[in-house]
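Everything below concerns the one structure shown next.
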Amino acid sequence: MAKMTRRERILRASNKERTDRLPFFHNWRHLQIGWAERECRNRGMGISWARPSYITKIHDVDITEQRLEVNGVTVFRRTYSTPVGSIYLDERRAPGTGEWHGMRSWKDVTPWQTERLIKGPEDYKVLKFIVEHTEYIPDYFPIEQAKDWLGDEGVVIDIHHHQPMQMLMIDWIGSEGGRFFIHHAKYPDLVEDLYWAISKSREPMYEIAVKSPADIIWCGDNIDGVLVNPRLFEKYFMPEYEKMAKIIHKHGKLLAVHMDGRVGVLKDLIAKTPIDIIEALHPPPMGDLPIGEALSLWKDKVIWVGFPGSIYSLGSEVTKKHALSLLREVIPGDRLCIEMSTENLVSNENLLMLTSVLENVYLPLTQAKIDRIERAIRFQD
Amino acid sequence: MIMERYLASLKESIINLDFDAVVKIAKEAMAAGVDPNAAINEGMVPGMAIVGEKFEKGEYFLSELVVAAEVMKEGLKVVTPYLKGESPKKLGKVVIATVEGDRHDLGKNIVTSLLRVQGFDVIDLGVDIPTDTIIDAVKEHQPVIVGMSALLTLTMPKMGEVIESLQKTNLRKNVKVIIGGAAVTSEFAESIGADHKAANALEGVKKCVEWVSAWERRN
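Those protein sequence lines, which keep their order, are chains A and B.
For the first sequence, my numbering begins at 18 and goes up steadily by one.
For the second sequence, my numbering begins at 344 and goes up steadily by one.
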């Protein structure tokens, strides 16, 4: 098979086509810049770069931010004032936040919301007002620019918000202490009403996405079956994915969803969704669905595997062993990409080791080829 | 007979995750002179046990476990003021925390609630707790178990730091250490010298009960 560029590899694999080598790439947000990443990229590692296709404008809402001391800790309070009332959130920001990749700290951590926008039942109507007064406006420059800069080194994907119910669970009500579950049990009508408002308000966002220059539209949903149980997934998530996919597929684009948690309990439902790419799937030990089982269960889907951070924490030798055993599970290696990390920074040592395993994965993969890769690395050591 | 009916209704209200019913029945039961200890131990606690069984069978999920614990809290708010005299026997103290740098508390909180239901005296230090604070709490409260949670691979090593400090301060031999969190593996638990990695909240609580029961049998 003719040699492909890193971009071709990722896109062809994502379209369920055979590639010359197994695509492997780093997530721009977690990518270190320096000699090791340069060496890994020279040896075949690509990049996936997530950028939005829209900007938002919130009408009739005043947004102010104050720096406050709460219980001896500095927090940033953002207050949203609307004609139907005000709500606020508090954030604790670690050093470096806002000075690096978006709102991440030097240690790659996002701000900690110590107070969520929804605290009690009275806050729902205010948030609903904000949702209904949010306008999505196309802005393709960030994607065009990233595509221009990246060229054939990788892919630019169109990044989108969490799905409506995930927005409530993770961002606005929060799952701390089971808050979302308690709200959902105590105030089901309020939760559902806001869910439907968010869902409706998002429709223009999908129309904008399909006209963007990105080939893949990505939802950062962080799906974990422990939090998003099958009942919630079926009732609130699947219909939204269906709505989204209907528009996306009409324009020949792919829908990717970030599912980096324990999704074993959702595996049969995920199989029924129209999602094209299960992004950041973490097989055991961090997740609970072996990659071989996922590939055989989701025959119409492509999996971008997230290499587990807990393996990295055990050092490069364990990283090598885990990578080799992962390869043995995915023979012949179709419908698959490997992401070096989707959750945190990777040490140079681990990045180089994983590259040593992945750089020579020519497809179709066989046991004999994996044995040769193993021997070659042992020889290098 | 009336008492049995109230106890059964309290149990049902927990199983059905019914906030309104638990408060209404608990109030009626107290007004009817039902023994508050019985209301808790023969009504609500068995209700939680059924919820636990349903969770283990896959009929209920974490959401139901969380809500059931919250429903029980509402019931306890009504019943507790009627308790007189001696407090019920405690199984032992547990110091629990989410380690420094990590603010995820869902797992920790559900473990805390379930440990309390089982009769443990739980000192919940909260989230983002520095190692020194955990060590100070162990010195002060002298627990039999230390529980630590971390969701992020970035913060997991802090659990090892706490165990190391427990060793340095000669406290390790007095406590069992249980750890949990999505990213935590048994291999990691072993590598840092923890006694157990909880597969989930219920399994973790069972392990704590098992430890305490074994000590009681020995003593």
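Even for Gly, the Cβ is constructed at its ideal location relative to N, Cα and C.
Here the structure is a predicted model, which means the values were calculated and not measured.
Judged by their CB atoms, B/Ala537 and B/Leu494 are not nearer to each other than the 8 Å cut-off.
Residue range Phe158 to Leu167 is occupied by the alpha helix (DSSP H) that includes A/Phe158. Among the CB atoms of chain B, one or more fall inside 8 Å of the CB of A/Trp129. Judged by DSSP in its simplified three-state form, A/Asp37 adopts coil rather than helix or strand. Residues of chain B whose Cβ lies closer than 7 Å to the Cβ of A/Gly194 are, in chain order, Asp448, Leu449 and Asn452.
For A/Pro302, a Cβ of chain B is located within less than 8 Å of the residue's own Cβ. Going by C-alpha positions, A/Gly191 is about 45 Å away from A/Ile394. For the pair A/Leu375 and A/Thr336, the Cα-to-Cα distance works out to about 12 Å. The stretch 193 to 210 of chain A and the stretch 130 to 143 of chain A touch, with three or more beta-carbon pairs separated by less than 8 Å. Within the DSSP bridge table, the entry for A/Gln49 names no partner. Between A/Glu149 and A/Ala214, the gap from beta carbon to beta carbon is short of 8 Å. The contact set of A/Phe198 on chain B, defined by CB atoms closer than 7 Å, consists of Ser406, Val409 and Val410 in chain order. Judged by DSSP in its simplified three-state form, B/Val470 adopts coil rather than helix or strand. Contact between B/Thr528 and B/Val505 fails: their C-beta atoms lie close to 18 Å from each other, not under 8 Å.
About 6 Å separates the beta carbon of A/Trp235 from that of A/Ala67, a gap short enough to meet the 8 Å contact definition. A Cβ of chain A is located within less than 8 Å of the beta carbon of B/Phe531. A/His201 is not a Cβ neighbour of A/Asn239, given a cutoff of 8 Å.
Between A/Pro230 and A/Lys136, the CB-CB gap reaches or exceeds 8 Å.
Fully enclosed beta strand (DSSP E) runs of no fewer than 3 residues occupy 435 to 441 of the stretch 378 to 446 of chain B, in order along the chain. With contact defined as three or more Cβ pairs closer than 8 Å, the stretch 417 to 427 of chain B and the stretch 205 to 224 of chain A are not in contact. Residues of the same chain with a CB within less than 6 Å of the CB of B/Ile477, apart from the 5 flanking positions on each side, are Ala440 and Val505 in chain order. Within chain B, no residue has its beta carbon less than 9 Å from that of A/Asn365; the closest one is some 17 Å off. Residue state for A/Thr336 is assigned as helix, using DSSP reduced to three classes. Here B/Gly490 carries a strand assignment [DSSP, helix/strand/coil]. Beta-bridge annotation (DSSP): A/Cys354 is paired with A/Trp321. Nothing from the stretch 372 to 403 of chain B brings a Cβ to less than 7 Å from some Cβ of chain A.
The shortest C-alpha to C-alpha distance from A/His268 to any of A/Ala226, A/Tyr258 and A/Pro181 is the one to A/Ala226. A/Thr91 has its alpha-carbon roughly 43 Å from the corresponding atom of B/Lys370. In this structure, B/Ile357 is the residue among B/Leu497, B/Ile357, B/Gln485 and B/Leu509 with its C-alpha nearest to the C-alpha of B/Val394. For the options B/Lys540, B/Ala541 and B/Ala480, the alpha carbon positioned closest to that of B/Thr512 is the one of B/Ala480. Nearest C-alpha to A/Asp175 among A/Ala30, A/Met186 and A/Pro159: A/Pro159. Rounded to whole angstroms, the Cβ separation of B/Leu353 and B/Ala372 is 7 Å, and the two are in contact under 8 Å. Using a CB distance cut-off of 8 Å, A/Leu331 counts as an interface residue toward chain B. For A/Leu298, the uninterrupted beta strand (DSSP E) run begins and ends at Ile294 to Leu298, by DSSP. Taking the Cα of B/Val552 as reference, the smallest distance to any Cα among B/Ser508, B/Gln461 and B/Leu497 is reached at B/Gln461. At a cut-off of 8 Å between beta carbons, A/Arg279 contacts chain B.
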